[in-house]
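Notes follow the structure.
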Amino acid sequence: MVDLTSVPSPCFLLEEKLLRNNLELLHYVQKEAGVKIILALKGFAMYHTFDLVRQYLPGTTASSLNEARLGFEEFGGEVHAYSPAYLEREFDELMTYCGHITFNSINQYFHFKPRIEAFSKKISCGLRINPEYSPVKTDLYNPCVKGSRLGVTSKQLSDRLPEGIEGLHSHNLCESSAEALEETLQNIRVKFGKFLSQIQWLNLGGGHAITRKGYNIDLLIKTLKNFKNEYSHLEIILEPGSAVAWETGYLVATVLDIVENDGVLSAMLDVSFTCHMPDTLEMPYKPRIHGAFEPIEGLPTYKMGGLSCLAGDVMGDYSFPKPLQIGDKLIFDDMIHYTMVKTTNFNGVPLPYFAIRKESGELQIVREPRYEHFKDRL
Ligand SMILES: Cc1ncc(COP(=O)(O)O)c(C=O)c1O
């Protein structure tokens with residue numbers, strides 16, 4: 206049972222103990238496999254937890270200047286960056302935060318190379334590759350669809366990498382298994398094998414569901430170790446986001462009203478799928494609600510209604526053991542990764558509170574909904 210005492214609504218509630226459990230597992234993988242695991246801020250950037258995360262992971266990876274700055278200022282350690290394209294006006298500042306910068310195209314690399322060479326600090330440059338293999342079935346999350354704009358294919362490269370490239374970066378997974386990583390490495394061997402002696406590091410991106418129950422940790426470690434034995438000069442980096450914050454907390458919501466139309470009951474909530482849980486509509490997937498089931502005839506059954514006016518801001522259907530009442534609290538499970546980082550204020554819908562249940566049991570509210578969050582975006 207989740208303790209909701211003093212938890213405001215709506216609220217993203219992170220359980221510190223669950224985060225530590227994930228970090229311990231990731232740390233174990235780092236140690237056993239001899240790889241480096243850094244946090245992808247695009248998936249989880251609740252910086253109020255970084256004192257804890259930093260005890261286990263050596264750094265962060267950013268997809269933008271904003272994330273690089275957050276990693277540099279709030280996390281410390283190593284800051285890596287990869288963006289599909291870098292902004293002219295931002296690049297000089299980006300270099301001040303990063304030790305590694307990966308480029309999406311050879312063009313972008315050559316464009317920024319003189320600025321990197323003239324910079325006061327050494328920056329290790331990488332190139333994103335497209336291994337032309339992905340197990341991801343949803344195109345929205347598949348970086349290897351035909352004609353993908355993400356990364357260079359082996360056909361675009363000659364026998365030698367552009368001068369100054371020290372690393373390769375491949376991101377082709379999403380909530381994927383150790384078997385999928387094995388397959389990825391096989392594709393990299395076949396398609397990019399001749400370049401591996403020319404580089405110092407290989408970043409295998411994110412999408413490794415390492416902390417999901419049933420993930421084959423032994424296979425992951427074995428696969429990485431075998432690869433390292435083959436290419437002992439290479440530093441191997443993984444940069445998961447989801448796996449760090451996987452099942453570490455909830456979105457707590459309240460039933461504001463119940464409406465009935467054409468025999469359909471809708472529970473009107475103080476949260477929104479489009480504003481607060483956009484992946485549920487984009488993927489799409491149906492989030493778990495504590496104590497609710499897939500529809501069962503004879504049990505009170507409701508569609509969950511989001512707080513925006515978007516007609517499709519709904520999720521359903523869910524059955525409950527007894528009828529819902531206005532004021533009831535609902536707990537959406539596993540709502541920490543790719544939620545807080547993707548929220549919007551569409552319709553002026555406020556952001557939820559952000560809170561952390563510390564291991565001591567103390568509840569720390571780290572963010573409150575404010576008008577300025579909405580206004581600053583306009
Ligand atoms: C380049 C890159 N690295 C890392 C990640 C993090 O992936 P995940 O959160 O699925 O582990 C992503 C996610 O899209 C990505 O695009």
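Using the working numbering, you'd call the opening residue of the sequence shown number 206 and step up by one each time.
We put the CB at the ideal spot given by N, CA and C, even for glycine.
All figures in this text were calculated on a predicted structure; none of them were measured in a lab.
Are the CB atoms of residue j and residue i within a distance shorter than 8 Å?
i    : j    : result
L355 : N335 : yes
N408 : G372 : yes
F249 : I541 : yes
P340 : S375 : no
A286 : P445 : no
Y302 : A273 : yes
E221 : R562 : yes
H495 : T544 : no
Y261 : H305 : no
A448 : I415 : yes
What I want to know is whether the C-beta of residue i ends up closer than 7 Å to one or more non-hydrogen atoms of ligand 1.
i    : result
T266 : yes
A448 : yes
A385 : no
P336 : no
P445 : yes
G331 : no
H376 : yes
C349 : no
A273 : no
G356 : no
K247 : yes
Measure the C-alpha to C-alpha separation of residue i and residue j and round it to an integer number of angstroms.
i    : j    : result
R493 : R294 : 43 Å
T548 : P483 : 7 Å
S211 : V457 : 12 Å
L224 : A267 : 20 Å
V234 : T453 : 19 Å
C196 : K342 : Summary: the structure shown does not reach residue 196, with the chain confined to residues 206 through 583, and so no result is reported for it.
S288 : H316 : 14 Å
E577 : N377 : 37 Å
Y558 : L218 : 8 Å
L401 : G281 : 29 Å
K351 : N392 : 16 Å
I501 : K418 : 27 Å
K430 : N309 : 27 Å
Could you name the residues of the same chain whose beta carbon sits closer than 8 Å to that of residue i, not counting the 5 residues immediately before and after it, in chain order?
i    : result
V469 : K508
V476 : P215, L456, A458, M482, G511, L512, F537, P557
Could you name the residues of the same chain whose beta carbon sits closer than 7 Å to that of residue i, not counting the 5 residues immediately before and after it, in chain order?
i    : result
L486 : F478, T479, G517
E237 : I426
E573 : Y558
A383 : Y420, N421, L424, L425, T428
N552 : S513, C514
F397 : I334, S359, L373
Can you find the residues in the same chain that come closer than 6 Å, C-beta to C-beta, to residue i, ignoring five residues on each side of it along the sequence?
i    : result
V207 : I536
Could you check if residue i is buried or exposed, using at least 16 other CB atoms within 10 Å of its CB as the buried criterion?
i    : result
S513 : buried
S437 : exposed
V460 : buried
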